[in-house]
Amino acid sequence: MLKLVKSQPFSMSTKAVSGVDEYALLGAIVDGDAKAFEAFYKLYYSRLLRFILRTTRQPELVEELIQETLLLVWQQPQRFTYNSKISTWVFGIAYRKALKAMSKNAKRFNDLDMDELSETIDDPMADLAQNIENQDWLNIALAHLSADQRAVIELTFFHGMSYQEIAQILDCPENTVKTRMFHARKKLHAFATAMEH
Numbered sequence: 121m122l123k124l125v126k127s128q129p130f131s132m133s134t135k136a137v138s139g140v141d142e143y144a145l146l147g148a149i150v151d152g153d154a155k156a157f158e159a160f161y162k163l164y165y166s167r168l169l170r171f172i173l174r175t176t177r178q179p180e181l182v183e184e185l186i187q188e189t190l191l192l193v194w195q196q197p198q199r200f201t202y203n204s205k206i207s208t209w210v211f212g213i214a215y216r217k218a219l220k221a222m223s224k225n226a227k228r229f230n231d232l233d234m235d236e237l238s239e240t241i242d243d244p245m246a247d248l249a250q251n252i253e254n255q256d257w258l259n260i261a262l263a264h265l266s267a268d269q270r271a272v273i274e275l276t277f278f279h280g281m282s283y284q285e286i287a288q289i290l291d292c293p294e295n296t297v298k299t300r301m302f303h304a305r306k307k308l309h310a311f312a313t314a315m316e317h
């Protein structure tokens, strides 16, 4: 985890653990509250892990990109302008960093090691055998999509974001998000049909 400089007590008296007030956390981070940043880090770590892994398909980049994304939040929290949700801002940072890393590292993975995936993505709610089978099928199918299409699928179906939020994250018009979703679904449908035959 990132090394933090200031340490002031953070109190979330108005919210329970399950309903963390991200705006209060970010406000405390602006004031240099290390405990607030630690809570923010824990809140976003697994979400960013899944998003970056699915977008880049390069497991060796994931940890570094999470660190870079959250380091920017710690060092420059004032960059959040309140024009979107905090999650939209954070995922936008992660997406831009992922694209930059992918352009530097032209190597792409067509097949992810399932042992590595099951260690990386922890889903305690699902039956393990079914989870691995679904991940295997999904990873093969997602390999047929571009990074932009994978990001749209991930943000829509796994993070429950609207097209408007996704457009802000990907820094493109909402219609572009819809077009990417259309083509992604078309490719996934074609892949599923081919697998059945």
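Under this note's numbering, the first residue of the sequence shown is numbered 121, with each subsequent residue one higher.
For every residue, glycine included, the Cβ atom is placed at its ideal position computed from N, Cα and C.
Predicted model, so just to flag it, every value in this text is computed and none were measured.
Going by C-alpha distance, which of the options is nearest residue i?
i, options, result
"Asn321", "His309, Gln284, Met301", "One cannot answer for residue 321 here, as it falls past the ends of the chain, which runs 121 to 317."
"Gly212", "Val193, Lys307, Asn225, Ile260", "Val193"
"Ile289", "Leu163, Gly152, Phe157, Thr175", "Thr175"
"Lys162", "Leu190, Phe311, Gly280, Thr208", "Leu190"
"Asn225", "Ile206, Leu185, Ile286", "Leu185"
"Glu294", "His303, Ala304, Ser282, Arg305", "Ser282"
"Arg270", "Ala312, Arg305, Gly152", "Arg305"
"Ser266", "His303, Cys292, Gly280, Trp209", "His303"
"Pro179", "Thr296, Asp268, Met222, Thr208", "Met222"
"Gln187", "Phe160, Thr299, Gly152", "Phe160"
"Arg298", "Val272, Asp153, Gly280, Asn259", "Note that residue 298 corresponds to Lys in the displayed sequence, not to Arg. Checked all of Val272, Asp153, Gly280, Asn259; the closest Cα to Lys298 is Val272."
Taking only three categories from DSSP, how would you classify residue i?
i, result
"Ser266", "coil"
"His279", "coil"
"Gly152", "coil"
"Val104", "The question about residue 104 has no answer, for the chain in this structure spans 121 to 317."
"Asn295", "helix"
"Asn259", "helix"
"Arg300", "helix"
"Ala214", "helix"
"Met234", "Low local confidence applies: a pLDDT of 42 at Met234 is under 50, so the model's placement there is unreliable, with the coordinate-based value given in what follows. Residue state, collapsed to three classes: helix."
Under the assumption that residue i contacts residue j (Cβ atoms under 8 Å), give the Cβ distance between them as a whole number of angstroms.
i, j, result
"Met301", "Thr276", "7 Å"
"Leu308", "Ala263", "Actually they do not touch by this definition, with Cβ atoms about 11 Å apart."
"Val150", "Gln195", "At roughly 11 Å, the Cβ-Cβ gap does not stay under 8 Å, so Val150 and Gln195 are not in contact."
"Leu169", "Ile206", "Contact flag wrong, Cβ pair sits at about 18 Å."
"Ile333", "Ala218", "Given that the chain is displayed from residue 121 to residue 317, the structure contains no residue 333 and the question cannot be resolved."
Which complete alpha helix (DSSP H) runs does the region 149 to 211 hold, if anything under 4 residues is left out? With a minimum length of 4 residues, the continuous alpha helix (DSSP H) runs that stay inside the region 149 to 211 are 154 to 176, 179 to 195.
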